[in-house]
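To start, the structure itself, in structure tokens.
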Amino acid sequence: MRGLVASLASLVALATFVLVTPPALADAARPIVVVGAENEYANVARQLGGRYVEVSAVLKNPNTDPHTFEASAQVARLIARAQLIVQNGVGYDSFMNTLEAASPSSSRRLVVAQHVLRLPNDTPNPHLWYKPATMPAVARAVAHDLEALAPRDAAYFRARLVTFDDSLQPWKRAIATFRARYAGDGVAVTEPVADYLLGALGLKILTPFRFQADIMNGVDPSPQDVSTEQELLSDHRVKVFCYNVQVVDALTESLRQSATSAHVPVVGVYETMPAPGYDYQSWMLAEVNALSAALAHTTSTTKL
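Just so you know, we're using the working numbering here: the sequence shown kicks off at 13 and counts up by one.
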């Protein structure tokens, strides 16, 4: 993918001076320090940890391109303090691995969505948070590690895990309802950002994956693939066009305009959870509702 660019040489040097003593078990006076590489993972950790956690997110601005993120000295210090880190894996946030190695701790807990799901390193689509099975599994792993860090509060974390699982039910019901109505309808995309969710909804992604991967990795797609994508819109072979609102260039913008001209509804998707105003559950539900509006009423939702 288009590498998450990090000026890490200087940060590694800095972090080696910010040596951490092994984080102690949390107590009533010291909340557990949790870092989410992406704000969607941080949000889930905050929901599970409640009053016993201090949670920060590294990637949290929905108005920026996460692929061009540059880790700062502040991020290095944040990682150095962390007792629990939650990240995506599959190369999406590999800058975290370097920073973690620069400030090692034998007692730090690490939850990686890729490892929780037992996915190989060459998994082609790294946007795991759109997969409906991801967050329930990640939440269980996070709750387990919170219990290990604060055993006296285990019952509290377990109760909040149950609450979190229950809160996902409206999203799951919306997926089932959508699938019953619209399974098999065609969709075009700029990148594989929401592909896992689109697949769960039963939509048929007609954009060649090679084109999606090229856009994701910052590579110019072939003229043939660009022509194929344009024809999906102009020939009305798809009923909705999903584009990544955080990674926009001349090509993706021209495709968005082509969709609008062809009266194909446009739905914006995000790599970073829109905030404020959303938690993970309401964000995912909002994306399904936007897709429903597109197919039922040809309504575009370019931004949540």
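Heads up, the beta-carbon is just placed ideally off N, CA and C, and yes, glycines get one too.
Local Cβ density within 10 Å of residue i, reported as buried at 16 or more and exposed below that
| i | result |
| --- | --- |
| A38 | Note that A38 scores 48 on pLDDT, short of 50, meaning its location in the model is unreliable; the coordinates nonetheless yield the value given after this. Under this definition A38 is a buried residue. |
| V102 | buried |
| S246 | exposed |
| E241 | buried |
| L307 | buried |
| Q99 | buried |
| S317 | Any property of residue 317 remains undetermined from this structure, which presents the chain solely from 13 to 316. |
| V123 | buried |
| S19 | Note that S19 has pLDDT 43, beneath the 50 cutoff, so the model's placement of it is unreliable and no number is given. |
| D134 | exposed |
| A57 | buried |
| T146 | buried |
| D165 | buried |
| P138 | buried |
| S22 | Low local confidence applies: a pLDDT of 44 at S22 is under 50, so the model's placement there is unreliable, and no value is given. |
| D261 | exposed |
| A85 | exposed |
| A25 | Below a pLDDT of 50, predicted positions are generally treated as unreliable, and A25, at 38, falls in that range; no measurement from the model is reported. |
Under 8 Å between C-beta atoms of residue i and residue j
| i | j | result |
| --- | --- | --- |
| D77 | V259 | yes |
| V278 | T272 | yes |
| V45 | A113 | no |
| V150 | A171 | no |
| L60 | V154 | yes |
| S115 | Q293 | no |
| V65 | V47 | no |
| L158 | L140 | no |
| R268 | L218 | no |
| V142 | L209 | The displayed chain sequence assigns Tyr, not Val, to residue 142. Contact: yes. |
| A83 | F107 | yes |
| D342 | P220 | Absent from the model: residue 342. The displayed extent of the chain is 13 to 316, so no value can be given. |
Delimiting residues of the beta strand (DSSP E) encompassing residue i
| i | result |
| --- | --- |
| K50 | The question names Lys, yet the displayed sequence has Glu at residue 50. 44-50 is the span of the beta strand (DSSP E), which, as asked, contains E50. |
| R121 | 121-124 |
| V201 | 198-201 |
| Y168 | Note, Y168: premise wrong, no beta strand (DSSP E); alpha helix (DSSP H) at 166-179. |
| A69 | 65-71 |
| Y255 | 252-256 |
Residues near residue i by beta carbon distance below 8 Å, same chain, minus five either side
| i | result |
| --- | --- |
| V213 | The question names Val, but residue 213 in the sequence shown is Leu. Same-chain partners within the cutoff: I187, F190, R191, Y194, A195, V300, L303. |
| K184 | P144 |
| L90 | V47, S68, V70 |
| D207 | N137, H139, Y142, V201, I217, Q224 |
| H127 | G101 |
7 Å Cβ shell around residue i - same chain, five flanking residues per side excluded
| i | result |
| --- | --- |
| P73 | The sequence shown places Asn at residue 73, rather than the Pro named in the question. The answer, listed in chain order, is T284. |
| P286 | P74, W295, L316 |
| I227 | T202, E203, P233, T264 |
| R42 | none |
| R152 | L173 |
| P182 | L297 |
| T311 | P277, A305 |
| R222 | D237 |
| S270 | Q242, L245, S246 |
| N109 | none |
Distance between beta carbons of residue j and residue i, contact taken as under 8 Å
| i | j | result |
| --- | --- | --- |
| V252 | V276 | 7 Å |
| V205 | N256 | 5 Å |
| E52 | D105 | About 12 Å; that fails the 8 Å criterion. |
| P163 | A225 | In fact, because the Cβ distance is near 44 Å, the residues do not count as touching under 8 Å. |
Residues of its chain near residue i, where Cβ-Cβ distance is below 6 Å and the 5 sequence neighbours each way are ignored
| i | result |
| --- | --- |
| A298 | L316 |
| D197 | L215, K251 |
| L244 | A200, L218, V250 |
| A54 | G48, V67, A69 |
| T313 | V279, A302 |
| H309 | none |
| A291 | The displayed chain sequence assigns Asp, not Ala, to residue 291. Within the same chain, D291 has close Cβ partners N55. |
First and last residue of the uninterrupted alpha helix (DSSP H) at residue i
| i | result |
| --- | --- |
| E283 | Premise fails: E283 is in no alpha helix (DSSP H) and is neither H nor E. |
| Q99 | It is not in any alpha helix (DSSP H) - Q99 instead sits in the beta strand (DSSP E) that spans 96-99. |
| F223 | 221-228 |
| S294 | 292-309 |
| V154 | 146-161 |
| F107 | 107-114 |
| E82 | Counting along the chain, E82 falls outside any alpha helix (DSSP H), and DSSP gives it neither H nor E. |
| A212 | 207-212 |
| V238 | 235-246 |
| S273 | 262-273 |
Min CB distance residue i to chain D below 8 Å
| i | result |
| --- | --- |
| A298 | No chain D appears in this structure, which consists of one protein chain only. |
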